[in-house]
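Asks: So the mapping is simple: the working numbering equals the position in the sequence shown, first residue as 1, plus 91.
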Amino acid sequence: MFLPTTKKELNQLGWDRPDIILVSGDAYIDSPFIGIAVIGRVLADAGFRVGIIAQPNVQGNVQGNVQGNDICRLGEPKLFWGVSGGCVDSMVANRTASNKRRKQDDYTPGGQNTRRPDRAVLIYANLIRSKFKNTCPIVLGGIEASLRRIAHYDYWSNSVRRSILLDAKADFLLYGMAERAVVELASSLRDGTDPQSIRGLCYQASERPAEYLRLPAYEEVAGKSKQGKKAFTKMFRRFYENNDPITAQGLAQLHGTRWLIQNPPQPHLSPKELDHIHSLNYQLDLHPLHQQQGRVRALETIRFSLTTHRGCYGECNFCAIAVHQGRTIVQRTRKSLVAEARQLTRHPAFKGRIHDVGGPTANMYGVECRKKLNKGSCPEKRCLFPEKCKAMQVDHSEQLRLLEELRQLKGVRQVVVSSGIRYDLILADRKNGLNYLRQVVRHHVSGQMKVAPEHCQDHVLACMGKPGQESLVRFRELFYRMTAQEGLKQFLTYYIIAAHPGCRQQDMQALKRFAQKELKVLPRQVQIFTPTPSTWSTLMYWTGENPLTGQPCFVEKDQQARERQKTVLTGAVKKRRKNYGRR
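1. Spatial neighbours of S625 within its chain, please: C-beta separation below 7 Å, excluding the five flanking residues on both sides.
2. Measure the alpha-carbon distance for L280 versus L264 and round it to whole angstroms.
3. Whole beta strand (DSSP E) runs in the stretch 272 to 341 with 3 or more residues, listed along the chain?
4. Starting from I125, trace the alpha helix (DSSP H) both ways and give me its first and last residue.
5. Would L397 and A432 be called neighbours here (beta carbons separated by less than 8 Å)?
6. If you check the beta carbons only, do V508 and G467 fall under 8 Å apart?
7. Suppose you measure from the CA of D197 to the CA of F124; what does that come to, to the nearest Å?
8. Give me whichever residues DSSP pairs with D197 in a beta bridge.
9. In chain order, what are the residue ranges of uninterrupted beta strand (DSSP E) at least 3 long that sit wholly in the stretch 556 to 595?
10. Taking only the alpha-carbon atoms, compute the straight-line gap between Y404 and R388 and give it to the nearest angstrom.
11. For the beta strand (DSSP E) that H243 lies in, which residues bound it at each end?
12. In terms of residue numbering, what span does the alpha helix (DSSP H) encompassing S181 cover?
13. I'd like the list of long-range same chain contacts for V153, defined as Cβ closer than 7 Å, with 5 residues on each side in sequence excluded.
14. Excluding the five sequence neighbours on either side, which residues of its own chain have a C-beta within less than 6 Å of the C-beta of W633, listed in chain order?
15. Does the beta-carbon distance from G235 to A216 come in below 8 Å?
16. Put Q520 into one of helix, strand or coil per three-state DSSP.
17. Can you say whether S181 is buried or exposed, counting buried as having 16 or more other CB atoms within 10 angstroms of its CB?
18. Looking at S537 and H591, is the spacing between their C-beta atoms short of 8 Å?
19. V493 by DSSP, collapsed to three states: which one?
20. Mapping DSSP to helix, strand and coil, what is E167?
21. Taking its Cβ as the centre, do 16 or more other Cβ atoms sit within 10 Å of G173, making it buried, or is it exposed?
22. Considering only C-alpha positions, which residue in the set L552, L134, Q357 is nearest to S278?
23. Considering only their Cβ atoms, is the gap separating L170 from D110 smaller than 8 Å?
24. Return the residue from the list R425, K611, H446, I619 that minimises the CA-CA distance to P362.
25. Taking the alpha carbon of D376 as the reference point, which residue from L435, E364, K191, N408 has its own alpha carbon closest?
26. Which full runs of the alpha helix (DSSP H) of 4+ residues lie inside the stretch 628 to 655, going along the chain?
27. Between which two residues does the alpha helix (DSSP H) holding Q103 run?
28. Given a cut-off of 8 Å, decide if R290 and A343 are closer than it, judged by their beta-carbon atoms.
29. So, helix, strand or coil for L365, using DSSP?
30. Can we say the stretch 521 to 531 touches the stretch 487 to 506, given the rule of at least three CB pairs closer than 8 Å?
31. Just checking my contact of Y514 with V551 at CB under 8 Å: how many whole Å lie between their CB atoms?
32. If E270 and V421 are in contact, beta carbons under 8 Å, what's the gap, nearest whole angstrom?
33. Pick out whichever of G267, V312, S122, G105 has its Cα sitting closest to the Cα of N372.
34. At what residues does the beta strand (DSSP E) containing Q682 begin and finish?
35. Buried or exposed: which applies to A430, given that a residue is buried once 16 or more other Cβ atoms fall within 10 Å of its Cβ?
36. To the nearest angstrom, report how far apart A553 and I587 are at their CA atoms.
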């Protein structure tokens, strides 16, 4: 059964009120792919009574709802409110890179982007405070809170904002994936103990713990001067370097007279713990309260998909996975994944296709550096950039075995790998790389394989932290040769980023020529770079400097010029002129 979302469901369970109420900017999809559902299930598994308020109406005047009263429908929790903007930062969900309002939302019933407010975490926290005076603690979580936990550059206001914990006037913030931390916090509040030592927790304090590293204060990093941006760079570097649970120290940042305290991260979950989280009783469906409002597009993608692992050591500069999930691969066991797949085949809506088997990068499953697992991420170098570290022994054999077992399950007619694949990892695996690619081509592509070279110009790729064009060209040749040998009609599609720091109009023109000559196709999956909080690329965008080299970095900030970079590949959008009766 679903976790309760209405007073009627509470009564059916015999509850007077929940211990914890989770508030989310997404519709309530009960799936291991949905953060609020996972946190709810983990807390329930630990013995807590959990209710969910998904996409509370903040405007009022809908179905007789007085403004903001939707947040009151389960009453007040005993222990805490958990507040999340949803699976996507609400500003990214609501606004394009050109700051235009998005019309569609894949996590909203009916698909219309009408239910998630801008800066949802702040809105929901303020709404709770307005309806419940002197309420129990408000705890922030999810990716919006996680990536905004320290002072951060906000693209939509073109300014450095304070920690979201202080702006929301919340009591605590849990960063990262937070399954273990949230149970520890709930247990602490239930038992009346001090939660401030919990790893993965942020809180406010009047004093800085003596052993915690001091980040430059908000007032130092918020300025637009050269000095302010240098302080911002120093802050971000220290923040980024202290995200590995094995080596990280606690951090503290002064905001006015209050300290933001960030405890070190939680240790990575074990495979057994991750297996258990995915074995909980998810309904793999949209809660009935939402079903009458229309379908949720995200459900179609995730319902019959498998998460093999979390974390990514690719460390693309525009990606925030490193500071949210971490740079270390935490993988599930094959036994757990096969058991979950077998459960999928028993679902009445299953039609034989597993839509995805992967994670942030599909072919990192079963591949990790033993040195990193014992000593933490290297502070001075990366696993894959500018080239693969020799200590990273790439071997696709574990994923090959997993895919073979999944293919053999009764009731499964196709297993698709639609998560991103690092082609440089395939080329680096001299023992099993080609066999892995052949098996993927033969069994696991659904017409098109998506790859993300992002660009072709070396200086732009260096700003992105991505491999050079040579590996892409070689991979393309291998893919199409194997596709032809298998007698299949399959294609590569390419994801491209325009207007990334370092990229000029002439670089997009060079990319177009490269694509026509080497890729034999003009990529249409092009997005304009969006500076999201807590990434190296956003730091470059704000400061105009590549912090990894110390050199100035060109940044295109003119909106029309950013659009023009995209249209080099996609073509200009022609405005249709209305024909008033003319033929």
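Here a beta-carbon is modelled for each residue, glycine too, at the ideal position from N, C-alpha and C. Nothing here was measured: the structure is a model prediction, and the numbers come from that model.
Replies: Reading it off the structure:
1. Taking the first residue of the sequence shown as 1, we reach residue 625 at position 534. These residues qualify, in order along the chain: L238, H243, A411, V414.
2. Sequence index remark: in the sequence shown, residue 280 carries index 189 (1-based). Sequence index remark: in the sequence shown, residue 264 carries index 173 (1-based). Those two C-alpha atoms are separated by around 14 Å.
3. Taking only runs of at least 3 residues, the beta strand (DSSP E) segments lying wholly in the stretch 272 to 341 are 292 to 296, 304 to 306.
4. On the sequence shown, residue 125 is found 34 positions in, with the first residue counted as 1. That residue, I125, is in no alpha helix (DSSP H); it is neither H nor E in DSSP.
5. In the sequence shown, the residue the question calls residue 397 occupies position 306. In the sequence shown, the residue the question calls residue 432 occupies position 341. Yes, the Cβ-Cβ distance between L397 and A432 is below 8 Å.
6. Residue mapping note: residue 508 aligns to position 417 of the sequence shown, counting from 1. Residue mapping note: residue 467 aligns to position 376 of the sequence shown, counting from 1. Not a contact, by the Cβ cut-off of 8 Å.
7. On the sequence shown, position 106 is the one that residue 197 refers to. On the sequence shown, position 33 is the one that residue 124 refers to. Counting only the Cα atoms, F124 lies some 13 Å from D197.
8. Within the sequence shown, residue 197 is the residue found at index 106, counting from 1. Per DSSP, none; premise fails for D197.
9. 582 to 589
10. Here residue 404 refers to the residue found at position 313 of the sequence shown. Here residue 388 refers to the residue found at position 297 of the sequence shown. For Y404 and R388, the gap between their C-alpha atoms comes out near 29 Å.
11. Locating residue 243 in the sequence shown gives position 152, where the first residue counts as 1. Residues 243 to 245.
12. By 1-based counting over the sequence shown, the position of residue 181 is 90. Segment 181 to 185, the alpha helix (DSSP H) holding S181.
13. Mapped onto the sequence shown, residue 153 falls at position 62. Confidence in V153 is poor, its pLDDT being 43 and thus under 50, which makes the residue's placement too unreliable to answer from.
14. Your numbering for residue 633 matches position 542 in the sequence shown. Correct list, in chain order: Y244.
15. Your numbering for residue 235 matches position 144 in the sequence shown. Your numbering for residue 216 matches position 125 in the sequence shown. For the record, residue 235 in the displayed sequence is Glu; it is not Gly. No, the pair does not count as a contact, with Cβ atoms beyond the cut-off.
16. Here residue 520 refers to the residue found at position 429 when the sequence shown is read from its first residue. The sequence given here places Asp at residue 520; Gln does not occur at that position. Here D520 sits in coil by DSSP.
17. Translated into positions along the sequence shown, residue 181 becomes position 90. Under this definition S181 is a buried residue.
18. Residue numbering aside, residue 591 sits at position 500 when the sequence shown is read from its first letter. Residue numbering aside, residue 537 sits at position 446 when the sequence shown is read from its first letter. Going by C-beta atoms, H591 is not nearer than 8 Å to S537.
19. Against the sequence shown, residue 493 aligns to sequence position 402. The amino acid occupying residue 493 in the given sequence is Leu; Val does not appear at that position. Here L493 sits in helix by DSSP.
20. The residue you call residue 167 lines up with position 76 of the sequence shown. DSSP places E167 in coil when its eight states are reduced to three.
21. In the sequence shown, counting from the first residue as 1, residue 173 sits at position 82. Per the 10 Å Cβ criterion, buried.
22. The residue given as residue 278 occupies position 187 in the sequence shown. The option with the nearest alpha carbon to S278 is L134.
23. Looking up residue 110 in the sequence shown gives position 19. Looking up residue 170 in the sequence shown gives position 79. Contact flag set, yes.
24. As a position in the sequence shown, residue 362 is number 271, starting the count at 1. The shortest Cα separation from P362 among R425, K611, H446, I619 belongs to R425.
25. Your numbering for residue 376 matches position 285 in the sequence shown. Among L435, E364, K191, N408, the Cα nearest to that of D376 is on L435.
26. none
27. Residue 103 sits at position 12 when you count from the first residue of the sequence shown. 98 to 104 is the span of the alpha helix (DSSP H), which, as asked, contains Q103.
28. Working through the sequence shown from its first residue, we reach residue 343 at position 252. Working through the sequence shown from its first residue, we reach residue 290 at position 199. Not a contact, by the Cβ cut-off of 8 Å.
29. Numbered from 1 along the sequence shown, position 274 holds the residue referred to as residue 365. Residue state, collapsed to three classes: helix.
30. Touching, yes, given that three or more Cβ pairs across the two stretches are closer than 8 Å.
31. By 1-based counting over the sequence shown, the position of residue 514 is 423. By 1-based counting over the sequence shown, the position of residue 551 is 460. Not confirmed; about 18 Å, so no contact.
32. As a working mapping, residue 270 is identified with position 179 in the sequence shown. As a working mapping, residue 421 is identified with position 330 in the sequence shown. That belief does not hold up - the Cβ atoms of E270 and V421 are roughly 11 Å apart, past 8 Å.
33. On the sequence shown, position 281 is the one that residue 372 refers to. Nearest of G267, V312, S122, G105 to N372, Cα basis: S122.
34. Residue numbering for the chain in the displayed model covers 92 to 674; residue 682 lies beyond these limits and cannot be assessed.
35. Indexing the sequence shown from 1 puts residue 430 at position 339. The residue in question, A430, is exposed, as its Cβ has fewer than 16 Cβ neighbours within 10 Å.
36. Here residue 553 refers to the residue found at position 462 when the sequence shown is read from its first residue. Here residue 587 refers to the residue found at position 496 when the sequence shown is read from its first residue. For A553 and I587, the distance between alpha carbons rounds to 15 Å.
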